[in-house]
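Worksheet: the structure to be examined is printed underneath.
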Amino acid sequence: IRNYVAELSNLKDQFNTLSSQSSEKLKKIIQTVQSYQTRMEPLNKNMEQLQILQRNLEACRLKLSQVQEYHRTGRELENTIRQGPTVFTDKFLKAMERIKDALAYFQENNPQDVEFSRLTSLYSIGLGSLEREFDGLLRQTFRPIDDATLIRLMDQKVSDKESGDGSLTEDTEQIEDIPNNMLNSLRFLAKWMSENQSFVNKPQGISQGCLTKYCECRRELIRLNLVRVRELLRKAENPSSSSSGTISKPGFLPPNVRGRAKR
Numbered sequence: 001i002r003n004y005v006a007e008l009s010n011l012k013d014q015f016n017t018l019s020s021q022s023s024e025k026l027k028k029i030i031q032t033v034q035s036y037q038t039r040m041e042p043l044n045k046n047m048e049q050l051q052i053l054q055r056n057l058e059a060c061r062l063k064l065s066q067v068q069e070y071h072r073t074g075r076e077l078e079n080t081i082r083q084g085p086t087v088f089t090d091k092f093l094k095a096m097e098r099i100k101d102a103l104a105y106f107q108e109n110n111p112q113d114v115e116f117s118r119l120t121s122l123y124s125i126g127l128g129s130l131e132r133e134f135d136g137l138l139r140q141t142f143r144p145i146d147d148a149t150l151i152r153l154m155d156q157k158v159s160d161k162e163s164g165d166g167s168l169t170e171d172t173e174q175i176e177d178i179p180n181n182m183l184n185s186l187r188f189l190a191k192w193m194s195e196n197q198s199f200v201n202k203p204q205g206i207s208q209g210c211l212t213k214y215c216e217c218r219r220e221l222i223r224l225n226l227v228r229v230r231e232l233l234r235k236a237e238n239p240s241s242s243s244s245g246t247i248s249k250p251g252f253l254p255p256n257v258r259g260r261a262k263r
């Protein structure tokens, strides 16, 4: 038993010695790590600063690239603007949007730059082309009523008056049967020009100008239709005066209407 006790005591002493040595080693490791962290703190700060500098440099590079693009805009898009929107309207509008962005940059940062004057001129030319395109669409969309339809309407009007019904709903809908794509194109162009006229000085706004053009177009169509109705009435009253090649239907109005027309 004494031998066992002595052996256990010896093992206890060895364990205490090893524990003490391990504790010392752990303390040294902790001190080393703390020292490493202390030395790394400036490096970490430097790394953060370097990352900020890198982001700033990238932002500067992008800004510089954008400025260079603004300076190239006039040269690259001049031909597109001068050709007008007749064939490729989407391409033309994208070019106008790009010019507008460049104008906003120069107006804010360097309005004395020669490119600002150049871009302003191109933008004005582009809006003028879009206005002419709008005029062309108006002429394509709204046309005078053909003679056959006018005759049918006058016949219908007379028969409705005699029957006491003045409705022309069905015929009116047929006359105003305008393709939706044409109407949508007119609305789109008018809206786009109205929203993108800030760099053009005009006494009358473009949106108001589009409305005026529309009213003038409709007024002219009404005038032409009324002139044509008068000619048809005159030919109906005097069939012998009708020229060849013109629609003539002497009996399309009753005698009582002809009498009123003469008076």
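The letter at position 155 of the sequence shown is residue 155 when you use UniProt numbering, and the numbering goes up by one with no holes.
All C-beta atoms, glycine included, are put in the ideal place defined by N, C-alpha and C.
Source: prediction; values computed, not measured.
Inset, instruction - Just mark residue 85 as buried or exposed, buried being the case when its beta carbon has 16 or more other beta carbons within 10 Å. - result: buried
Inset, instruction - Using three-state DSSP, classify residue 203 as helix, strand or coil. - result: Caution is warranted here: a pLDDT of 48 is assigned to residue 203, below 50, making its placement in the model unreliable, and the coordinate value is therefore given only provisionally. DSSP places residue 203 in coil when its eight states are reduced to three.
Inset, instruction - Determine the direct distance from the alpha carbon of residue 226 to that of residue 185, and round the result to whole angstroms. - result: 28 Å
Inset, instruction - Evaluate residue 6 with the Cβ neighbour count: other Cβ atoms within 10 Å of its Cβ, from every protein chain shown; 16 or more gives buried, anything less gives exposed. - result: exposed
Inset, instruction - Within 10 angstroms of the Cβ of residue 196, are there 16 or more other Cβ atoms? Answer buried if so, exposed if not. - result: buried
Legend entry - Under 8 Å between C-beta atoms of residue 178 and residue 141: yes
Inset, instruction - Could you tell me the distance, in whole angstroms, from the CA atom of residue 115 to the CA atom of residue 124? - result: 14 Å
Legend entry - Segment limits, alpha helix (DSSP H) that includes residue 107: 89-109
Legend entry - Sequence-distant residues of the same chain with beta carbon closer than 6 Å to residue 282, five excluded per side: Given that the chain is displayed from residue 1 to residue 263, the structure contains no residue 282 and the question cannot be resolved.
Inset, instruction - With 8 Å as the threshold, decide whether the Cβ of residue 71 is near any Cβ in chain B. - result: No chain B appears in the structure shown, which is made up of a single protein chain.
Legend entry - Sequence-distant residues of the same chain with beta carbon closer than 7 Å to residue 81, five excluded per side: 95, 122, 125, 126
Inset, instruction - With DSSP as the reference, label residue 145 as helix, strand or coil. - result: coil
Inset, instruction - Taking all protein chains shown into account, decide if residue 15 is buried (16 or more other Cβ within 10 angstroms of its Cβ) or exposed. - result: exposed
Legend entry - Enclosing alpha helix (DSSP H) for residue 49 [first to last residue]: 2-83
Inset, instruction - Compute the beta-carbon to beta-carbon distance between residue 70 and residue 106, rounded to the nearest angstrom, for a pair I have assumed lies under 8 Å. - result: 7 Å
Inset, instruction - With a threshold of 16 other CB atoms inside 10 Å of the CB of residue 27, please say whether the residue is buried or exposed. - result: exposed
Inset, instruction - Taking only the alpha-carbon atoms, compute the straight-line gap between residue 146 and residue 234 and give it to the nearest angstrom. - result: 17 Å
Legend entry - Contact set for residue 134: own chain, Cβ-Cβ below 8 Å, skip 5 residues either direction: 186, 189, 190, 193, 210, 213
Inset, instruction - Measure the CB-CB distance between residue 103 and residue 119 and report whether it falls below 8 Å. - result: yes
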